[in-house]
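Each residue of the sequence shown is one higher than the one before, starting from 1 at the first, in the UniProt record's numbering.
The C-beta atom is built at its ideal place from N, Cα and C for all residues, glycine as well.
Accompanying notes for the structure given below.
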Amino acid sequence: MAVLQDNTNDKIMPDHILVLNRIDIKNILNLPLKTTQRIKYTCFEVSQNFIIFGASSGGLYVFRREPCEFIQLLPNKEGSVTQIAMSKDEDLIAFGTQKGIVCILQRNENGIGAKLINKSTEHLGHEITTMEWTSKNQIYFGDCNGKVTSIYVSLFVRKAIFQTPPYTMIELDSKVIQIDSSDDILVISTLTRCYVCDMSKEQFKQIGQKTRDGDYGCCIVTWNEKKIFSARPGSRIWEAELNGIVKSTHQLKYCLAIPPTLNVCAQKPFDLSRISGKNWPPQSLNFKKLYSIWDNCLLTYTSNSIFILDMLKVNVLLWCDGYNNIQNVKYIGDTVYIWCSNGELIAEKITPLQNYLVNCYECEDYNTCISLIEHYYDRIINTKCIIDELYPLVNIDQKLDLPVNTNNLISKIKKTYYLKQQFFKLPSGIYSLKNYVYVKKNYKLQRSYSLISIKSDKPVLRFKSMPNIHINIEKVKKSEQYPSGDYSKLYNKQVFDQIYMELNIPSIPFVSLATSEVFHDTLMEIGSNVTNKIAKSSKTLKDTLNNLTASTGKNDLVPYEISNINRPEPPPNDESEVDISNYKLDLEHREKLNLLPILKICKKLQNEYKLDVDCLQQLCSGVCEVKSNLENVVQIKQPIFPFQQYLKEKHLNTIKKAINDSFISNLVAKWADLHAKDILIVNKFDYPEFLSYYLNENDFKKDLEISELITLFGQIMEVANIFEFLLNGNLKCSFAIFCNILKMNSNNNEKTEEPLLMYLNSMYVFLKLDQIESFRTLGYKRNIKPIFVFYLLMKFSDHLEPSYRNKCNAIFLSYLSHFDKSIFTDCNILYYAVYSFLTLNQDKNYLCKCGFPLDSIDGKFKKLGQILIDYLSSAYINLEQLHIILHKFTKCNVTTNSLEDVIKCFCKQVPHFWPIVLKSALNLKSLKHTKIILAIHLGLVDQLEVHMFNKSELLFDKLFTLNHYFKNGLCLNCGNIGEKNQGISWTDLTTLAFQYLSQEETRNLLFKHRNNIPCGDIDNWFYQSFILTQFVGSNSKKALINTLKYHNNISMIGTENCKNILTTLEEEIGETIQFKNLSSKKSHWGTQIDIKNSYCIWCSLPLNSDPLIRGKNNGLISFKCGHSFHTVCIRHQTDNIQCIVCQRKY
């Protein structure tokens, strides 16, 4: 993966073309409210690490920002939250409510929960509309009446009784829209005016003289100098000095006569036609709140659009519309968070166009990449900084034909990239010319050596089980942009992360379960490959590595001088390992080599002869004949023919095109069908045992035939074409082909590297090191198809003991869990998934002898099981082959005549699939009431209700009887009698009957089965609902039953207590409580008070303030509404107690 270095910092972001890339966090944010319709989000706050929502219930829902996930709920009882603000150090959270109460919380040190450290009722009865923290732990907040108050939070004395009281700074004429601060300067924007406040001098001045009417914002910026910006009607913004004098008015009406910024949304394709128009009219808008986002840039919004304005050049960098009634906008880094009136928070990531183009290229979305280049061509071609960062696109012309403009741009990028490779700018400003010298050594054997064993004379041989991991030297050269000895930039975490990503290493802790032998073999392999790459690389890379140790005199990176490697040349263990691709014959031996068989077919193809099966066979025969002659000449056998050594470029390109086209057009599959018979016998033991369960000998022959073809033409094969051929599903078996690909170089010209091959090799290494999470993460991140994962696991499991192969099965099912049912269209994946489920789920403790479940059974990978059963019930599959796999584990008596038989046999081996079958659309025809029996066995009353058709008293009578029999040990499927079972609870079954039957029918049913239902097995709430439904009627019966079932707060009242409770109610209903009756022992009222953390609403002091509650007539008073007071605080009002907040008498 080519990673574009992120040089787009805040200062130079305006120099780039920007696009918006939406981040999909909607489902995660809505997760806490998924189970309720009553609670809604009302406001939000975003900080470096957190996203916090205020809710209509008064709670604060706290999320981690990256990665987005719910952390905790901070409840409060002060009413609906309207504003939230988090301090700069993220230690304090302030929130204001609709009632005008402001609370300040401090996060606990462990990050869980928060404690209330201050509370203000200064704005009681007036909604809080805005809040702003300063860097000195001081918060300012304003309300809908124009009152602005501040609280200074001292964390050192927070445990003291007397906290710093709120201080009312100013009372203005209308609602406060926005407050912003810098040091001791405060700016306040209301509906009509904007004010600047010098808090050190306590001076307040109005900005400008003209009034306005609307939600206009203001902000104070500290760019080169402090200045104030204030929004005005008609797309205007005032620029004012700190003394309130307006310096200039910026008119942006005509700057907005441009198309909107491209908004990339993953859920729908973007439309370039809308942003292509050049005749956009000027826009007269009313900007709302203003924020300083980058140097010289402001972020603002209207009801349906967001804007980023360059106030130095007075133009629009970005604007995007299409939002629904925006209420607020905030930003962190390069992400803008947009809060809409419907309670939805939209996260838009501001991305430079070049970054998005590189991402499209890496995701192989070439058409999108080209479309954007064509659209923005005029701006890209004239912007040097963009061209410099588009170098990963240099090879896009090899993927597809390019339009003229895109082709011109790629040519310019290639030229720029080439010059950058040749010249290097030193810190002194001098350009150094690099000397690229390729030193070629005439090795007879292409073998690699481990770094840790170079000094030894004993050679290190390659292990056949390990793939060849290729490292792209071009990526290594990129590290040379940091001058030797200057590593200061590597301390920048962002730069370090980019280098880390280029190595494609997932950030997973390295906790291995592999044995020491596996570690030894794998590390020796990696060392060998890296050393070999260094030895074959350019002189510049070697010099770089050797010069790194010049200052210390010690080489800690490489224990030898790379340019002077003297290795012993051990004889090959196997002739097939010898590489003759670098051999060049002298004139005498060249005359003996007859290339005519190859040249003849080249001539036919060059004369526009159509490539068909016969032509492909002639090409293979000709190459084999010439290869045989070459082997006789050099006396060495080698399966790969060295085309590049002996053919001219014209003939080489002809053969290369022909053989690659045969894979693209699927011709090679037809060729294999005709010539697979040439392979006389296939040794099935070369293949994993599992493949022999459902593949025949002809499938193996075709696989081997094409694998040998790939080996023969390996030097000119394009790996990407082979991968595409495998994904098209042209062959039932491709195991030999896949193993062959892993041994290949991604590109024999060493110009580019095939990412997929590199990722597969890396995943195979993770498997050998037992780094399963890294294996899965890399696969998901790089979108590795399940069929490739299947073959990787087949290759890996073939070397394992049978007892350890279950681990591969679990890995495979875990990987499939993130895909939909379309993956099962490949029979290899379907059969291996079934096989894996069978081997991993052997627990049959809760099964009857007939295979039916006797209780609800828990198992692994239920979600994938549901997808699998859904696929089996809706697709045409080969039942015979599927049944063969099932028979490997059990002797199943059913036939393969129907899908139902196969699924039943499957469920008997994987018991936790029974609930999935019950809930699926599969129609079990063998027994009329099979699903009803399953529902009783599994205790699933909801499924019982689904599969009941005629809900009559007679049917429920039978269900009561069946449930009784099952609970007493009778299997309802086969009649076998065993131990007692769970079944459906009598409460649930009785409730279900009551929902569909009348009271009389339900009463008769219960009376009939009174001896079968144990005493106490029906809950009290059912009897309560049975009584109360007489008052509400049949239409509301179901709603009442559900209410009592899930919200049962009714308690039983005994006859002895009834008289006392009625007497107390007669005394209190309609009367106010007197002080003398507060201690009445007859009163049944009560409430729970948090004395330690709660405050008196009247005096704002803690309820447990000892001087205020000490004394005979003092104490605390708490009302049913939840508000609590010191008795002394409200004694002076009247003899009757009255809540001063709710204005109600009790």
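Taking its Cβ as the centre, do 16 or more other Cβ atoms sit within 10 Å of residue i, making it buried, or is it exposed?
i     : result
Y759  : buried
K205  : exposed
W280  : exposed
W986  : buried
T36   : exposed
L252  : buried
S762  : buried
T961  : exposed
N382  : exposed
R193  : buried
G333  : exposed
T261  : buried
N564  : Per-residue confidence for N564 stands at a pLDDT of 37, beneath the threshold of 50, marking its modelled position as unreliable; the derived number appears in the next sentence. The residue is exposed, with fewer than 16 neighbouring Cβ atoms inside 10 Å.
E697  : exposed
Q178  : buried
Y780  : exposed
R64   : exposed
C363  : exposed
A1039 : exposed
L800  : exposed
Note down the Cα distance separating residue i from residue j, rounded to an integer number of angstroms.
i            : j     : result
S135         : S189  : 20 Å
I93          : N118  : 11 Å
Y815         : K88   : 41 Å
S836         : I1027 : 53 Å
L18          : G208  : 34 Å
L970         : L830  : 36 Å
V196         : S1100 : 30 Å
residue 1184 : L191  : Nothing about residue 1184 can be read from this structure; the chain reaches only from 1 to 1146.
S665         : G729  : 13 Å
Y1023        : E66   : 50 Å
Y361         : I373  : 12 Å
K455         : I716  : In this prediction, K455 has a pLDDT of 35, which is less than 50 and means its spatial position is unreliable; what the coordinates show is noted afterwards. K455 and I716: Cα-Cα distance of roughly 36 Å.
V902         : C827  : 16 Å
I911         : I857  : For the sequence presented, residue 911 should be read as Pro rather than Ile. Near 7 Å, if we compare the C-alpha coordinates of I857 and P911.
F643         : K732  : 31 Å
C974         : C850  : 6 Å
F50          : K34   : 21 Å
F852         : D91   : 57 Å
S303         : A669  : 59 Å
Assuming the contact rule is C-beta atoms closer than 8 Å, residue i and residue j should be a hit. Round their C-beta distance to whole Å, please.
i     : j     : result
L357  : C369  : 5 Å
G217  : A231  : 5 Å
C1096 : S1124 : 7 Å
T82   : Q98   : 5 Å
F690  : Y832  : 7 Å
D661  : L619  : Going by Cβ atoms, the distance from D661 to L619 rounds to 11 Å, so no, they are not a contact pair.
F95   : G54   : 6 Å
Using beta carbons (cut-off 8 Å, strictly below), is residue i in contact with chain C?
i    : result
G322 : Among the protein chains of the structure shown there is no chain C, as only one such chain exists.
**OP:** Scan the segment 175-217 and note each continuous beta strand (DSSP E) run of 3 residues or more that stays entirely inside, going in chain order.
**Re:** Assignment of beta strand (DSSP E) within the segment 175-217, counting only whole runs of 3 or more residues, yields 176-182, 185-190, 194-198, 203-206 in chain order.
**OP:** Could I get the ranges of all uninterrupted beta strand (DSSP E) runs contained in the segment 119-166, with 3 residues as the minimum, in chain order?
**Re:** Residue ranges of uninterrupted beta strand (DSSP E) with 3 or more members, entirely inside the segment 119-166 and ordered along the chain, are 128-133, 138-143, 147-152.
Original post:
Does the segment 627-643 touch the segment 682-701, meaning 3 or more C-beta pairs lie closer than 8 Å?
Top reply: As far as the Cβ criterion goes, the segment 682-701 does not touch the segment 627-643, which means the pair count is below three.
Subject >> Complete alpha helix (DSSP H) runs within the segment 673-727 (minimum length 4 residues, chain order) >> reply: DSSP runs (the alpha helix (DSSP H)) wholly in the segment 673-727: 697-712, 719-727.
Subject >> Those runs of the alpha helix (DSSP H) which lie wholly inside the segment 590-653 and span at least 4 residues >> reply: Counting only unbroken stretches of 4 or more residues, the alpha helix (DSSP H) elements lying wholly within the segment 590-653 are 596-606, 613-634, 643-646, in sequence order.
Original post:
Counting Cβ pairs closer than 8 Å, one from the segment 373-381 and one from the segment 403-410, do we hit at least three?
Top reply: Yes, the segment 373-381 touches the segment 403-410.
**OP:** Report yes or no: do three or more beta-carbon pairs, one from the segment 645-655 and one from the segment 789-802, lie closer than 8 Å?
**Re:** No, the segment 645-655 is not in contact with the segment 789-802.
Original post:
Fully enclosed by the segment 988-1029, which alpha helix (DSSP H) runs are 4 residues long or longer?
Top reply: Whole alpha helix (DSSP H) segments, 4+ residues: 999-1008.
**OP:** Check whether the segment 330-344 touches the segment 290-300, taking contact to mean three or more Cβ pairs, one atom from each stretch, closer than 8 Å.
**Re:** At 8 Å Cβ cutoff, the stretches touch.
Original post:
Are at least three pairs of beta-carbons, each pair with one atom in the segment 138-149 and one in the segment 164-177, less than 8 Å apart?
Top reply: Yes, the segment 138-149 is in contact with the segment 164-177.
Original post:
Touching or not, the segment 220-235 and the segment 281-292, by the rule of three or more beta carbon pairs under 8 Å?
Top reply: Short answer: they touch.
Subject >> Completely contained beta strand (DSSP E) runs for the segment 288-330, where each covers 3 or more residues >> reply: Listed in chain order, they are 290-294, 297-301, 306-310, 315-320.
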